[in-house]
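Sequential numbering of the sequence shown, starting at 85, is according to the working numbering.
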Amino acid sequence: MEFQNILTHVDGHVATIRLNRPKVLNALNGQTMDELCAALDAFEADPQVRVVVLTGDERAFAAGADIGEFAGVTPVGMLEGPRGKRWDRIRAFPKPLIAAVSGYCLGGGCELAMACDLIVASETARFGQPEINLGILPGAGGTQRLPRAVGKHRAMEMILTGCHITAQQAYEWGLVNRVVPPEALMDEAYALAREIASKAPVAVRLAKAAVLRSMDTPLDVGLDYERRLFAIAFGTEDKEEGVRAFLEKRKPVFQGR
Ligand code: CAA
């Protein structure tokens with residue numbers, strides 16, 4: 085795939101999307117978001133791809149929406165433009181997404197990392213929702229996902245003051261899965277990706293859907309949903325293989341069916 089603002093590649097069952105606008109700290113302009121969505125479309129359709137790693141460069145995962153595109157935008161333009169659909173597309177991506185974060189991870193960048201399913205952070209990572217300093221507020225999930233990740237009071241502090249937090253703080257607050265030295269970031273993210281990619285792909289997608297549903301449903305509704313997905317997993321060939329391999333004391337070979 086040929087893009088201007090992102091780089092992509094696939095290695096085995098793991099795809100990588102690298103945000104690539106280093107001069108503006110990977111600010112997420114419309115074109116970058118469109119390219120990201122197009123790459124996700126392609127990786128969703130590709131049965132070889134089981135997990136996607138999303139990353140930036142050393143200095144920035146992404147420093148937020150491209151502020152240059154905000155000037156003169158009206159409320160109607162904001163509501164009716166393509167923005168919402170792009171973020172909906174990321175939210176609907178059914179395969180696991182791992183954010184590998186180094187450097188600035190701010191505003192829409194932090195929201196993009198939080199839209200991923202796991203976050204691996206370099207010690208250099210800095211997370212924040214600084215929109216308040218621009219006279220606006222987070223608009224791509226920050227006010228909803230951040231409190232779910234770190235709790236109301238910590239989210240309020242980040243969103244109302246616009247402060248940045250360190251990778252270690254983010255780890256202690258439950259925002260990231262792991263913090264590693266900068267040189268180990270991609271190895272760690274890929275190790276996690278390969279581990280997940282070795283599991284039964286249909287079960288992985290069902291499990292992702294079930295966990296995401298737990299974020300916004302009452303317990304009884306979520307338990308019913310999980311029970312149905314659990315039953316669906318019993319219709320897969322991979323379930324037969326997984327159970328047989330266990331009983332035969334060998335490693336399963338999953339096909340994604
Ligand atoms: N949009 C557009 N350009 C950006 C940008 C952004 N979000 N963040 C950085 N840049 C640009 C800078 O303008 C600068 O460009 P020039 O070299 O042409 O001047 C270049 O990237 C490098 O940035 P700095 O010189 O500012 O680098 P620094 O190390 O001094 O500071 C920073 C780094 C603290 C991240 C600072 O750039 C900054 O505060 N950026 C803005 C962060 C921000 O407010 N993000 C939220 C955006 S709104 C949003 O995301 C809404 C939403 O919910 C979707």
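Where a beta carbon is used, it is the ideal one built from N, C-alpha and C, also for glycine.
Values in this document were obtained by computation on a predicted structure and should not be read as measured data.
Query raised in the report: Thinking C-alpha only, which one of T227, L112 and I216 is nearest R167?
Result: L112
Query raised in the report: If we ignore side chains and look at the alpha-carbon of each, how far apart do F87 and N104 end up?
Result: 10 Å
Requested in this report: Taking only heavy atoms of the ligand CAA into account, decide whether any of them is closer than 7 Å to the Cβ of Y188.
Outcome: yes
Query raised in the report: Which class does V185 belong to by DSSP, given the choice of helix, strand or coil?
Result: strand
Query - Residue from Q252, V136 and G225 whose Cα sits closest to the Cα of A209 - result: Q252
Query raised in the report: Would the beta-carbon of P178 fall within 8 Å of that of D201?
Result: no
Query raised in the report: Is the closest heavy atom of the ligand ADP to the C-beta of E332 under 7 Å?
Result: Questions concerning the ligand ADP fall outside what the structure shown contains, since the ligands it does hold are the ligand CAA.
Report task. With DSSP as the reference, label R105 as helix, strand or coil. Result -> coil
**Report entry** Alpha-carbon spacing of A122 relative to L196, whole angstroms
**Finding:** 16 Å
Query raised in the report: Got a sec? Which residues, its chain only, sit under 6 Å from R170 by beta carbon, not counting five neighbours each side?
Result: M117 and C121
Query raised in the report: If we call anything under 8 Å between Cβ atoms a contact, is M299 one with R232?
Result: yes
Report task. With hydrogens ignored, establish whether the beta-carbon of L163 is closer than 7 Å to any heavy atom of the ligand CAA. Result -> no
Report task. Using alpha carbons as the reference points, say which of V160, A199, C247 and E164 lies closest to P138. Result -> For clarity, residue 138 is Leu in the given sequence; the question names Pro instead. Comparing Cα positions, the closest option is A199.
Query - Classification of P159 by the beta-carbon crowding that lies within 10 angstroms, buried from 16 upward - result: exposed
Query raised in the report: From A254, Y188, I216 and A291, pick the residue whose C-alpha is nearest to that of V108; which is it?
Result: Y188
Query - Three-state secondary structure (DSSP) of G258 - result: coil
Requested in this report: Taking only heavy atoms of the ligand CAA into account, decide whether any of them is closer than 7 Å to the Cβ of N217.
Outcome: yes
Query raised in the report: When every heavy atom of the ligand CAA is checked, does at least one fall within less than 7 Å of the C-beta of V108?
Result: yes
Query raised in the report: Identify the residues that DSSP records as bridge partners of R210: which are they?
Result: Y188 and T250
Query raised in the report: How about M198: is its C-beta nearer than 8 Å to some C-beta of chain D?
Result: Any reference to chain D falls outside this structure, which holds one protein chain only.
**Report entry** Candidates M270, A294, V98 and I182, of which the one nearest L313 by Cα
**Finding:** A294
Report task. May I ask you to list the residues that DSSP assigns as paired with V136? Result -> A99 and L181
Query raised in the report: With 16 other CB atoms within 10 Å as the buried threshold, where does H93 fall?
Result: exposed
Query raised in the report: Sorry if obvious, but does the Cβ on I151 come closer than 7 Å to a heavy atom of the ligand CAA?
Result: yes
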